[in-house]
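Accompanying notes for the structure given below.
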Amino acid sequence: MDYSWVTFANALLLGLSIGSIWLIAALGLTIIYGTAGVINMAHGELIMLGAYSAYCLQTYLGVSYLLCIPLSFVIVALFGLVIERVLIRYLYARPLDTLLATWGVSLVLMQGVRMIFGNDPKYINMPQFLSSNVSFGPLSLSAFRILIIAMTAVLVGAFWYVFYRTHFGIKIRAVTQNKEMAASFGINSQRIYMLTFALGAGLAGLAGSLFAALSIVLPNMGTGYIVQSFLVVVTGGGSLLGSVAAGALTGEIQSVLAYLINDTFARFMLFILIVVFLRFRPQGLFSAGATRR
Amino acid sequence: MSSNPYHDKRCQWLMYLVFFAGVGLIPVFIDDAFLLNQFALYGVFGLLAVSISLCWGAGGILNLGQGLMFGLSAYGMAMTMQMQSQDPINNPIPPFMLNNGLDHLPWFWSLFSSTGGGIFLTLAVPTLFCLLFGGLMFSARVSGPFFAIISLALLSAVGTLVLDIQPYTNGANGISPPMPLQIFGAPLDPYSTSMFWVVFVCLCGLTVLAKLITQSKFGQIVHALKNDPERVRFLGYNVALYETLIYTLSGFIAAVAGCCFTLIVQYVSPAQFDVAFSITMVIWAGIGGRLSLLGSIIGALLIQGGQSYLGDSFLNSWMLILGLFFIVVVRFLPRGLAGLIESVLGRLRTPEPAAHEASAALTKSGS
């Protein structure tokens, strides 16, 4: 193999792309876990629903791909709202049970989609200009991966703004820090939880619509993302900044190790590194303040 | 104090006796080799349910990666069986390795050349792994959902690794030893009654052992730290030690299950490391009642039996039914079917349920 600096720089660039994909998958999870402490095992299946809604919009209604992305957000957010109202809201006091119940939800969603759409892969057409390669001197990356990186940056910016610069964000952070105290100041914590869950679900849907074009759409595509997303959230410590740092770091480590050895072994090493890291810093890179678990 | 027969130790042991006597009578009435093999396999699922119940029900440690211990020992057993059918001088290398271009036996395979050593390693490696990994995690006070996620991640990492190192593990094809295990000079036929008895003895023995452990002083401390680890720590107990021990014991039971699994199906593949399978084990214990060892076994039998016998007619919607059922149990019956029986028995015996529940809560002990 050619270990020149150009291929190494390409590996770093690819790492950025991998990190952005993992981060965008983990963003919704970060918000749901960080705010309500809900371990949402159905997150991967919400990503899958986003992919299928993009597929349906494009195939049956002829919506253009770029418009499918925000529409998937809305559809899956509404779906998340229903799940929260019907099931999750009864389980906030029992975090381990949210994990189990949402695993049940994920089974139902996966099998439901399989029964409706079948087990064969679906494909999404992207606009021409996104399937080309963009080169910067000797480095090159597909335009679509650049779109994902840009999209991740925009979303992180938007969420930073919502969380730290708006009235709604102050309420969310108040409920996160101390639910009872926030309630005594007149904040309806149930409503905040409901909205953050819907928001997190919507983000999963958005990620799904992007992943749909990145690879094929399958009923079990979500399972591949769930472990990865959780590792980003746990390594990051549940805060937005933590997830950004963890996403970038794990993406780069994965890419560089894959460049040096191979893909699967890189993933194995990454998992081991994360386990060792959490042994010494169980609260993650940046924990989100006062009363964390 | 409590008049609920569910909490009466004599009643509990009576139920164990009835259950295991019932299971032990199976070979008397059934001599269909295929059915016996199926029942032995269910016994393996029962063992896994016991291991989950011990870890999660008694110790409060939700372990989503139990398939790791199960899979490691299943592979160990397959390696032992494969090596038995290799001639150490003329033909020491299993055929799949030659097909994958490996011209020497890897060192960790040669350790499995002797049957006794192979079986010892098969059980010792997962158990020692539990001791090490559990010790690391629990001394860092990683617990609850965090531990669940990390165990899941580790399982998924090892699963991909086993899939990837094809020359050593035959990748996705898995290992299918050509002959059953030869033990004390005779083959242990997977379709025989003796195979059923091996599994039965493991299941019965380990369940009774687990039950005795949960009732011992050790079990009481584990029970206490499940409810409030901080308080137990303040009382001067080494919480991490107790957590590690109960986790290791549960891992050992899963390893025994893995051994029996390979003996029964004579095949092992990376599917044993599948994340979904490990979570299915948790579902068995959750539906059956994680606080009750027997309840968990029955949960495993109900679900796997349902999958085999109803699954054919509801093949497409089985996972849907299972998922919905599990959601309903978590939402309305957090202690599973055993918890339902507990409260029904409580209502029958006591005219004032409210007064009874208060005393039951005081005297409640893991069964």
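If you read the protein sequences in the order shown, they are chains A and H. Each number in the numbering used here comes from the position in the first sequence (counting from 1) with 28 added on. Each number in the numbering used here comes from the position in the second sequence (counting from 1) with 763 added on. All C-beta atoms, glycine included, are put in the ideal place defined by N, C-alpha and C.
Asked	Found
Distance, H/I856 Cα to H/N800 Cα	30 angstroms
Within chain A, partners of H/V1093 - CB distance below 8 angstroms	L119, D125, L128, A129, G132
Amino acids of chain H, ordered along the chain, whose beta-carbon sits closer than 9 angstroms to that of A/T292	T923, L924, L926, D927, I928
Run of the beta strand (DSSP E) containing A/N161, from where it starts to where it stops	161 to 164
Under 8 angstroms (Cβ pairs) to chain D, residues found in the segment 1093 to 1108 of chain H	This model lacks chain D altogether; the protein chains it does include are A and H.
Interface partners of H/G1052 on chain A, CB under 9 angstroms	Those do not exist, as H/G1052 stays about 13 angstroms from chain A at its closest Cβ, beyond 9 angstroms.
Secondary structure of H/A821, DSSP reduced to three states	helix
CA nearest to the CA of A/A276, picked from A/S45, A/A39, A/V34, A/N38	A/S45
Three-state class that DSSP yields for A/G266 in the structure shown	strand
H/S814 and H/A1017 closer than 8 angstroms at C-beta	yes
Check whether A/T63 and A/V203 have beta carbons under 8 angstroms apart	yes
Nearest-angstrom Cα separation, counted from H/G1014 out to H/Q775	25 angstroms
Assigned secondary structure, H/I1042 (DSSP; H/G/I helix, E/B strand, else coil)	helix
Distance CB(A/L158)-CB(A/F172) smaller than 8 angstroms	yes
N- and C-terminal bounds of the beta strand (DSSP E) containing A/L94	First-last for A/L94: 93 to 114, but that is the alpha helix (DSSP H), not the beta strand (DSSP E).
H/A1118 in three-state terms, based on DSSP	Model confidence at H/A1118 stands at a pLDDT of 47, short of 50, so the residue's coordinates are unreliable and nothing is read from them.
Same chain, Cβ closer than 6 angstroms to H/P992, neighbours up to 5 away in sequence not counted	V1002
A/I174 - DSSP class collapsed to helix/strand/coil	helix
Neighbour flag for A/V260 against chain H, beta carbons, 8 angstroms	no
Coil, strand or helix - A/T319 by DSSP	Any reading at A/T319 must be qualified, since the residue scores a pLDDT of 42, below 50, and its modelled position is unreliable; the value itself is stated next. Here A/T319 sits in coil by DSSP.
Under the three-state DSSP convention, the category H/L944 falls into	coil
Contact set between the segment 888 to 904 of chain H and chain A, restricted to residues whose Cβ is under 9 angstroms from the partner	F896, L899, M900, S902, A903, R904
8 angstroms Cβ shell around H/V905 - same chain, five flanking residues per side excluded	I913
Inter-stretch contact at 8 angstroms, needing at least 3 Cβ pairs: the segment 803 to 819 of chain H / the segment 957 to 967 of chain H	yes
Within-8 angstroms CB hit, A/R113 to chain H	no
Strand pairing of H/N854, partner residues [DSSP]	H/D850
Beta-carbon proximity of H/Y1030 to H/G881, cut-off 8 angstroms	no
A/T35, enclosing alpha helix (DSSP H) - first and last residue	33 to 64
Rounded C-alpha distance that separates H/H982 from A/G250	In the sequence on display, residue 982 of chain H carries Gly and not His. Distance between the alpha carbons of H/G982 and A/G250 is about 39 angstroms.
CB of A/S237 within 8 angstroms of CB of A/A79, strictly	yes
Span of the alpha helix (DSSP H) around H/S902	878 to 902
Between the CA atoms of H/L891 and H/M832 - distance to the nearest angstrom	10 angstroms
C-beta neighbour in chain H for A/V218, strict 8 angstroms	The residue you asked about is not Val; residue 218 of chain A is Gln in the sequence shown. Chain H, which has no Cβ nearer than 8 angstroms to the Cβ of A/Q218, makes this no.
Own chain residues within Cβ distance below 6 angstroms of H/I1009, not counting five before or after	G822, V985
Candidates H/G834, H/P940, H/M900, of which the one nearest H/V888 by Cα	H/G834
Any C-beta of chain A under 8 angstroms from that of H/P908	yes
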